[in-house]
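Colleague: All residue numbers in the sequence shown are consecutive under this note's numbering, ending with 503.
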Amino acid sequence: MLIKVHAKIGDLGREKADGVLIPLFEDHGELCGSFPQLDKATADLLCLLVKRGDFRGERYKTFMVYTHDPVAPRRIILVGLGKRDEFDLDRMREAGGAGFYYAREAGLKKLIVPAKSVEVDGFSIEELLEAFLTGGILRTYQFNELKTNDKPSRAMLNECVVMSGDRVQRESIKQALRRATIVSQAVYLARDLVSLPANKKTPTILAGIARSIAKRQGLKCKIISEKEARTMGMGAFSAVGQGSREPATMIILEYRAGCNYGRPIVLIGKGITFDSGGISLKPPDRMEVMKDDMAGGAAVMAILQATAELQLPLHVIGIIPAAENLPGGKAYKPGDVLVSLSGQTIEVISTDAEGRLILADALTYAQRFRPQAIVDLATLTGACVVALGDYVAGVMGNNESHLTRVKIAGEKSGEKVWPLPLWEEYFEYLRSDVADFKNVGGRAAGTITAGMFLKRFVGSAPWVHIDIAGPAWLEKDRPYMPKGASGFGVRLLMQLLMEWQQ
Ligand code: BES
Ligand code: ZN
Ligand code: ZN
């Protein structure tokens, strides 16, 4: 459940809540005297514990103090921001994450954040609060949908009020909180979809979910069935689907602001609901995690939801080729030659390199919308995890300025991307004796050859490919990310879209 966040004017002593959350730098001189009500409610203990160094404000360390004033909230939670000269918005998200997590574990249901406590030189109060609350909301995500006996019994942290004394400031704070809520809700949606097991998110079920999102948000939704796709000539996409009894679906969601008649931005997300590898079967160890192979598709669905909810002045189309990669009796095989929608032929070397096949037809299909730009998000290669780990995604493309925009959005949102080259020499690895090219180039430069493969299906539109195989799924908790599905790509591309200039 999403924590409700809202802004109120007034005195923090007057609002009923279980606790006040205050972020502090390591050189926190400013706490003493900043909140006279809290100093009073703690008989100056708050001031003292900071002065004496019991709480030093180290990065995401927390400390709780009780108040003895019946009017003030009962608890004050301090959370460290680390050193001032190392500060950036990600520190703010981390502090929000650590603070909210601590509050939830301590059994608090409602928190107050004084707007005044998040002031930092060089940053606006709105961006600081947006980051702090986003971190808090993201950290407290849980996926309990399929548990019947192990649900947390304690009532959960479900509300946070930002108190500001300034009426004018409140309006802009409200907007910041609205963005934080809508984007975090989209991340929750993406995580929910990725966390669902494959038997509960078949391509048909995903299409149904897309339809209901479309209905709720007033989006256009079109579903191309596997059969239709085959008739249309999508020989690469339909081949991947044919090994499963669950038919593949190509999901298309369209958002267009009333005033926007411009060419669309097309977002494509890999939607393999389970990747067994097909006939080129994967080893069994950790195969269950391959339910996350639709993380790109989940992010694209979530992004369309948030774009519509924020009413961004854009025209955005999401395409999610969804299929289950299984080794059934009708499955495609190594050695098969597929005719893609573009007409180019592909020799299948590994049925486990299925992502690029479904994306190939989706990229060709995207050309029909005459896009001004294309971005695809895909858990595409294990090689990308080897190269970059699970903190950042790999990024490739055919247009420097589009790539730069994505890179900047990554730095701002904290969902970082790092570039790899798509030089033509790399295409040599994909040469085939029987078809136009192969779907696998061997072990060398695995992420780049996958990118080179995709490049063959992109027209002239500026295109960026983001390989999210690493960061889509986390093995360990992070300061503002619980382990498991991360929702990576949602905040990155929302940042890109919110700043898009036609
Ligand atoms: N879905 C996988 C990529 C992947 C691997 C994502 C590990 C997350 C973690 C993809 O379909 C795949 O199997 N790729 C192969 C390509 C190879 C056969 C060229 C890979 O990376 O091993
Ligand atoms: Zn695969
Ligand atoms: Zn895959």
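Beta carbons: idealized from backbone N, C-alpha and C, even for Gly.
DSSP on Ser341, reduced to helix/strand/coil?
Modeller: Stepping through the sequence shown from its first residue, residue 341 is reached at position 340. DSSP places Ser341 in coil when its eight states are reduced to three.
Colleague: Using a Cβ-Cβ cut-off of 7 Å (strictly less than) and excluding sequence neighbours within five positions of Gly411, which residues of its own chain qualify?
Modeller: Residue numbering aside, residue 411 sits at position 410 when the sequence shown is read from its first letter. Closer than 7 Å at the Cβ level, and outside the excluded window around Gly411, lie Lys417, Val418 and Leu493.
Colleague: Using three-state DSSP, classify Cys260 as helix, strand or coil.
Modeller: Along the sequence shown, one-based indexing puts residue 260 at 259. In the structure shown, Cys260 sits in coil (DSSP, three-state: anything other than H, G, I, E or B).
Colleague: Quick one: any contact between the stretch 180-187 and the stretch 304-315, if contact means 3 or more CB pairs under 8 Å?
Modeller: Verdict: yes, contact present.
Colleague: Is Leu381 near ligand 1, going by C-beta to nearest heavy atom under 7 Å?
Modeller: Against the sequence shown, residue 381 aligns to sequence position 380. Leu381 Cβ: within cutoff of ligand 1.
Colleague: Tell me the residue span of the beta strand (DSSP E) that contains Arg192.
Modeller: For the purposes of this step, residue 192 is identified with residue 191 of the sequence shown, where counting begins at 1. Unbroken run through Arg192 is the alpha helix (DSSP H), Arg168 to Ser196; no beta strand (DSSP E).
Colleague: Around ligand 3, what residues have a beta-carbon under 5 Å from a heavy atom of it, in chain order?
Modeller: Output, sorted by chain position: Ile273, Asp276, Asp294 and Gly356.
Colleague: Per the DSSP calculation, Phe64 is bridged to which residue(s)?
Modeller: For the purposes of this step, residue 64 is taken as the residue at position 63 of the sequence shown. Leu79, per the DSSP bridge assignment.
Colleague: Do you know how far the Cα of Arg53 is from the Cα of Asp293?
Modeller: The sequence position of residue 293 within the sequence shown is 292, counting from 1. The sequence position of residue 53 within the sequence shown is 52, counting from 1. Whole-angstrom Cα-Cα distance: 48 Å.
Colleague: What three-state label does DSSP hand Ala42 in the structure shown?
Modeller: Stepping through the sequence shown from its first residue, residue 42 is reached at position 41. In the structure shown, Ala42 sits in a helix (DSSP, three-state: H, G or I).
Colleague: At a threshold of 7 Å, does Gly506 count as lining ligand 2 (C-beta to nearest heavy atom)?
Modeller: Given that the chain is displayed from residue 2 to residue 503, the structure contains no residue 506 and the question cannot be resolved.
Colleague: Is the separation between the beta-carbon of Arg457 and that of Gln373 shorter than 8 Å?
Modeller: The count along the sequence shown starts at 1 and reaches residue 457 at position 456. The count along the sequence shown starts at 1 and reaches residue 373 at position 372. The answer is no: Cβ separation not under 8 Å.
Colleague: Verify the contact flag: Asn440, CB atom, against every heavy atom of ligand 2, threshold strictly below 7 Å.
Modeller: Counted from its first residue, the sequence shown places residue 440 at position 439. Because no heavy atom of ligand 2 lies under 7 Å away, the Cβ of Asn440 does not count as near it: no.
Colleague: Which residues share a DSSP beta bridge with Asn326?
Modeller: Taking the first residue of the sequence shown as 1, we reach residue 326 at position 325. Looking at the DSSP assignment, Asn326 forms a beta bridge with Asp276.
Colleague: Glu227: which of Ala191, Gly20, Glu325 and Ala388 sits nearest, CA to CA?
Modeller: Position 226 of the sequence shown, counted from the first residue, corresponds to residue 227. Ranking Ala191, Gly20, Glu325 and Ala388 by Cα distance to Glu227 puts Glu325 first.
Colleague: When the Cα atoms are used, what is the spatial distance from Arg306 to Ser487?
Modeller: To locate residue 306, count along the sequence shown from 1; it is residue 305. To locate residue 487, count along the sequence shown from 1; it is residue 486. The residue you asked about is not Arg; residue 306 is Gln in the sequence shown. Approximately 17 Å between the Cα atoms of the pair.
Colleague: Can you tell me which of the three DSSP states Arg479 falls into?
Modeller: To locate residue 479, count along the sequence shown from 1; it is residue 478. Looking at Arg479 - three-state DSSP - the assignment turns out to be strand.
Colleague: Comparing alpha-carbon positions, which option in Glu95, Asp55, Tyr142 and Tyr61 lies nearest Ile4?
Modeller: By one-based count along the sequence shown, residue 4 stands at place 3. Closest option to Ile4, Cα to Cα, is Tyr142.
Colleague: Since Tyr481 and Gly98 are thought to touch, with beta carbons under 8 Å apart, how far apart are those beta carbons, to the nearest angstrom?
Modeller: Here residue 481 refers to the residue found at position 480 when the sequence shown is read from its first residue. Here residue 98 refers to the residue found at position 97 when the sequence shown is read from its first residue. Yes, Tyr481 and Gly98 are in contact; Cβ-Cβ is about 3 Å, under 8 Å.
Colleague: Quick check on the burial criterion: 16 or more other C-beta atoms within 10 angstroms. Buried or exposed for Ala367?
Modeller: Counting from one through the sequence shown, the residue named residue 367 turns up at place 366. Flag for Ala367 reads buried.
Colleague: First and last residue of the alpha helix (DSSP H) that includes Ala230?
Modeller: Position 229 of the sequence shown, counted from the first residue, corresponds to residue 230. Segment Glu227 to Met233, the alpha helix (DSSP H) holding Ala230.
Colleague: Alpha helix (DSSP H) containing Pro204: first to last residue?
Modeller: Reading the sequence shown from its first residue, position 203 is the one you call residue 204. Where Pro204 is concerned, the enclosing alpha helix (DSSP H) stretches over Pro204 to Gln218.
Colleague: Phe133: which of Gly278, Cys161 and Thr232 sits nearest, CA to CA?
Modeller: On the sequence shown, position 132 is the one that residue 133 refers to. Of the candidates Gly278, Cys161 and Thr232, the one whose C-alpha sits nearest the C-alpha of Phe133 is Cys161.
Colleague: Helix, strand or coil for Phe438 per DSSP?
Modeller: Walking along the sequence shown from the start, residue 438 turns up at place 437. In this structure, Phe438 counts as strand in the three-state DSSP scheme.
Colleague: With DSSP run on the structure shown, which of helix, strand or coil describes Glu160?
Modeller: Taking the first residue of the sequence shown as 1, we reach residue 160 at position 159. Three-state DSSP puts Glu160 in a strand.
Colleague: Could you give the distance in angstroms between the alpha-carbon of Lys148 and the alpha-carbon of Ser277?
Modeller: Here residue 148 refers to the residue found at position 147 of the sequence shown. Here residue 277 refers to the residue found at position 276 of the sequence shown. Rounded to whole angstroms, Lys148 to Ser277 spans 25 Å at the Cα level.
Colleague: Out of curiosity, what's the CA-to-CA distance linking Lys439 and Ala208?
Modeller: On the sequence shown, position 438 is the one that residue 439 refers to. On the sequence shown, position 207 is the one that residue 208 refers to. Computed Cα separation, rounded: 30 Å.
Colleague: Indicate whether Ile350 and Val459 have their beta-carbon atoms separated by less than 8 Å.
Modeller: In the sequence shown, counting from the first residue as 1, residue 350 sits at position 349. In the sequence shown, counting from the first residue as 1, residue 459 sits at position 458. No, the pair does not count as a contact, with Cβ atoms beyond the cut-off.
Colleague: Could you tell me which of Ala191, Asp478, Ala199 and Arg212 sits nearest to Glu247, measuring between CA atoms?
Modeller: Sequence index remark: in the sequence shown, residue 247 carries index 246 (1-based). Ranking the options by Cα distance to Glu247, first place goes to Ala199.
Colleague: First and last residue of the beta strand (DSSP E) that includes Ile350?
Modeller: As a working mapping, residue 350 is identified with position 349 in the sequence shown. From DSSP, Ile350 is part of no beta strand (DSSP E); its letter is neither H nor E.
Colleague: Taking 7 Å as the cut-off, is the beta-carbon of Ala384 closer than that to any non-hydrogen atom of ligand 1?
Modeller: Working through the sequence shown from its first residue, we reach residue 384 at position 383. True, at least one ligand heavy atom lies under 7 Å from that Cβ.
Colleague: Taking the alpha carbon of Asp19 as the reference point, which residue from Met157, Ser118, Ala379 and Gly490 has its own alpha carbon closest?
Modeller: Position 18 of the sequence shown holds residue 19. For Asp19, the nearest C-alpha among the options comes from Met157.
Colleague: Would the stretch 118-138 count as touching the stretch 89-98 if we require 3 or more Cβ pairs under 8 Å?
Modeller: Yes: at least three Cβ pairs fall under 8 Å.
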